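When we follow UniProt numbering, the leftmost residue of the sequence shown carries the number 1, and every step to the right adds one.
Glycine included, each C-beta is placed from N, C-alpha and C at the ideal position.
Small disclaimer: the values here were computed from a predicted structure and weren't measured.
What follows is one structure encoded as structure tokens, with my remarks underneath.
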Amino acid sequence: RKLVAWDGTTDGAAVGILAVAADQTSTTLTFYKSGTFRYEDVLWPEAASDETKKRTAFAGTAISIV
Numbered sequence: 001r002k003l004v005a006w007d008g009t010t011d012g013a014a015v016g017i018l019a020v021a022a023d024q025t026s027t028t029l030t031f032y033k034s035g036t037f038r039y040e041d042v043l044w045p046e047a048a049s050d051e052t053k054k055r056t057a058f059a060g061t062a063i064s065i066v
């Protein structure tokens with residue numbers, strides 16, 4: 001499976017949080033698929049301008065945004 005950036009608009013579509021910065025040429029990525037993260041510490045995509053979208057991005061996953 002290919003890990004792609006969340007589009008910033010679809011609730012529950014985000015499945016992980018990258019542990020480090022990455023670009024499109026990265027072949028190996030380290031990411032969190034569970035955990036609790038502070039809202040203000042996540043680097044959100046520009047399309048996710050609405051706080052509600054950010055807080056529901058990981059709906060249905062083991063990731064919580066507080």
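{"Asked": "Can you tell me which of the three DSSP states Thr36 falls into?", "Found": "strand"}
{"Asked": "With distances taken between CB atoms, is the gap from Lys33 to Ala62 smaller than 8 Å?", "Found": "yes"}
{"Asked": "Specify, as a first and last residue, the run of the beta strand (DSSP E) that Ser64 falls within.", "Found": "62-65"}
{"Asked": "Where do the N-terminal and C-terminal ends of the alpha helix (DSSP H) with Thr52 fall, by residue?", "Found": "51-56"}
{"Asked": "Which whole-angstrom value is the C-beta distance of Ala57 and Trp6, which I expect to be below 8 Å?", "Found": "6 Å"}
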